[in-house]
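Colleague:
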Amino acid sequence: MEAHPGITVRPSRDQDVEDMLAIYRHHIRRGIEEGVEDGDTPDPDDLRERRKNLRTRRYPHLVAIIDGRVVGYAYVVLFRKRPAYRYAVKHSIYVHHDQLGRGIGRALLGELIDTCAAAGFRQMIGYVDADNAASLGLHDAFGFKRVAHLPAVAWRYGRWADSVMVQRSLGPGSTAPPPPLPLSR
Ligand SMILES: CC(C)(COP(=O)(O)OP(=O)(O)OC[C@H]1O[C@@H](n2cnc3c(N)ncnc32)[C@H](O)[C@@H]1OP(=O)(O)O)[C@@H](O)C(=O)NCCC(=O)NCCS
43 MEAHPGITVR PSRDQDVEDM LAIYRHHIRR GIEEGVEDGD TPDPDDLRER RKNLRTRRYP
103 HLVAIIDGRV VGYAYVVLFR KRPAYRYAVK HSIYVHHDQL GRGIGRALLG ELIDTCAAAG
163 FRQMIGYVDA DNAASLGLHD AFGFKRVAHL PAVAWRYGRW ADSVMVQRSL GPGSTAPPPP
223 LPLSR
C-alpha cells in the first residue's frame, strides 16, 4: 500500500481513548479466541487514568491521525521502576488493522524516538514477537539492534513462542552522563 501523505502525530487526548482501545482489542482478539486469558485488556477508565499518569510524568503517549480519525498510537513506560533505570524506556506501538503498511508505524515510531530523546531518555527498548515480521522490519528501519532472543516466553495458538528484545540509544546515548532528571518523575 502507498504511504499516506496526510498523517499527523500528536499527544493523545481523553477523547482518543475509545479509538485506541478499539485498535488494541482487534490486535489481541485472536489470542482470546485461542483461549488466552487476557487479564491485561484495559477498560476505558483504566486507559484514561494510565494515559493521564503517563502524561503528568512526561512519558510520551502519541496518536496518529488521518482525516481526523485515530489510526494508531504509541507510548512509553519506564523500562524498570528502580531509580537507576530512569533514563531507559520501554515502548509499545499499534496501528489500526485496516491501515497497515501506509507509513503510520514509521510516523509514530519516528516521533516517539524524537520526543523521548528530547525528554532526556537515553535508551529505548521493545519486545517483539519473533514471528512479527512487520514490527521487526519497522524496528530495523529505525536502527534498533536485536539484543536478545528470548525463547518460549509466550504460550500462543497452542505453542510456545519466542520474543526478540530490541534496543536503540537516544540522543547522546551512553557517550555522556545523563542530564539531572528527577529521581522519580
Ligand atoms: C508493526 C506495526 C506497528 C507496523 O506499522 P505500519 O504502519 O504497518 O508500518 P509502516 O507502513 O509505517 O512501515 C514502516 C516500515 O516497517 C517495515 N514493515 C512494515 N510492514 C512490514 C512487513 N509486513 N514486513 C516487513 N517489514 C515491514 C518496513 O521497513 C517499512 O518500511 P518501508 O515501507 O519503507 O519498507 C503494525 O504492523 C502493527 O500495528 N502491528 C500489530 C501490533 C504490533 O505488532 N505492534 C508491535 C508490537 S512490538
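With the working numbering applied, the sequence shown covers 43 to 227.
Using N, Cα and C, we set each Cβ at its ideal position, and we do this for glycine too.
None of the values given here were measured: they were computed from a predicted structure.
In whole angstroms, give me the CA-to-CA distance for residue 76 and residue 222.
Modeller: The sequence position of residue 76 within the sequence shown is 34, counting from 1. The sequence position of residue 222 within the sequence shown is 180, counting from 1. Any reading at residue 76 needs caution, since the residue's pLDDT is 49, under 50, leaving its predicted position unreliable; the model's value is listed next. Spanning the alpha carbons of residue 76 and residue 222 requires a straight line of approximately 47 angstroms.
Colleague: Would the beta-carbon of residue 141 be found less than 8 angstroms away from any heavy atom of ligand 1?
Modeller: Taking the first residue of the sequence shown as position 1, residue 141 is located at position 99. Indeed, a heavy atom of ligand 1 lies less than 8 angstroms from the Cβ.
Colleague: Who's in the neighbourhood of ligand 1, going by beta-carbon under 6 angstroms from any heavy atom, listed in chain order?
Modeller: Output, sorted by chain position: 69, 135, 136, 137, 142, 143, 144, 145, 146, 147, 148, 168, 170, 174, 175, 176, 177, 179, 180 and 183.
Colleague: Grouping DSSP H, G and I as helix and E and B as strand, with all else coil, what is residue 134?
Modeller: By one-based count along the sequence shown, residue 134 stands at place 92. Strand, per DSSP.
Colleague: How big is the Cα-Cα spacing for residue 193 and residue 207?
Modeller: In the sequence shown, residue 193 corresponds to position 151, counting from 1. In the sequence shown, residue 207 corresponds to position 165, counting from 1. Cα-Cα distance, rounded: 11 angstroms.
Colleague: Which of the three DSSP states is assigned to residue 66 in this structure?
Modeller: Translated into the one-based positions of the sequence shown, residue 66 becomes position 24. If DSSP states are grouped into helix, strand and coil, residue 66 belongs with the helices.
Colleague: Answer yes or no: do residue 186 and residue 118 have a C-beta to C-beta separation smaller than 9 angstroms?
Modeller: Counted from its first residue, the sequence shown places residue 186 at position 144. Counted from its first residue, the sequence shown places residue 118 at position 76. Not a contact, by the Cβ cut-off of 9 angstroms.
Colleague: What I want to know is whether the C-beta of residue 67 ends up closer than 8 angstroms to one or more non-hydrogen atoms of ligand 3.
Modeller: Ligand 3 is absent from the structure shown, which contains only ligand 1.
Colleague: Would you grab the beta carbon distance between residue 114 and residue 65 for me? Rounded to a whole angstrom, and I think it's under 8 angstroms.
Modeller: Residue mapping note: residue 114 aligns to position 72 of the sequence shown, counting from 1. Residue mapping note: residue 65 aligns to position 23 of the sequence shown, counting from 1. With 8 angstroms as the limit, residue 114 and residue 65 qualify as a contact, their Cβ atoms being about 7 angstroms apart.
Colleague: I'd like to know whether the C-beta atoms of residue 7 and residue 62 end up nearer to each other than 9 angstroms.
Modeller: Since the first and last residues shown for the chain are 43 and 227, residue 7 lies out of range.
Colleague: Can you tell me where the beta strand (DSSP E) with residue 168 in it begins and where it stops?
Modeller: In the sequence shown, residue 168 corresponds to position 126, counting from 1. Note, residue 168: beta strand (DSSP E), 165–171.
Colleague: Please state whether DSSP places residue 179 in a helix, a strand or coil.
Modeller: Locating residue 179 in the sequence shown gives position 137, where the first residue counts as 1. Residue 179 falls in the helix class under three-state DSSP.
Colleague: Please report the distance separating the alpha-carbon of residue 151 from that of residue 183.
Modeller: If you number the sequence shown from 1, residue 151 lands on position 109. If you number the sequence shown from 1, residue 183 lands on position 141. Rounded to whole angstroms, residue 151 to residue 183 spans 10 angstroms at the Cα level.
Colleague: Identify whether residue 215 lies in helix, strand or coil by the three-state DSSP scheme.
Modeller: Start at 1 with the first residue of the sequence shown, and residue 215 comes out as number 173. Correct three-state label for residue 215: coil.
Colleague: If I follow the unbroken beta strand (DSSP E) through residue 193, where does it start and stop?
Modeller: Along the sequence shown, read from residue 1 onward, the residue named residue 193 stands at position 151. Going by DSSP, residue 193 is part of the beta strand (DSSP E) stretching over 187–198.
Colleague: Which value, in whole angstroms, describes the spacing of the CA atoms of residue 53 and residue 200?
Modeller: As a first step, residue 53 must be located in the sequence shown, where it is residue number 11. As a first step, residue 200 must be located in the sequence shown, where it is residue number 158. In this structure, the straight-line span from the alpha carbon of residue 53 to that of residue 200 is close to 38 angstroms.
Colleague: Give me, in chain order, the residues of the same chain whose beta-carbon lies closer than 7 angstroms to that of residue 188; leave out the 5 immediate sequence neighbours on both sides.
Modeller: As a working mapping, residue 188 is identified with position 146 in the sequence shown. Around residue 188: 206 and 208.
Colleague: Should residue 214 be labelled buried (16 or more other beta-carbon atoms within 10 Å of its own) or exposed?
Modeller: Looking up residue 214 in the sequence shown gives position 172. Exposed, by the Cβ-count rule.
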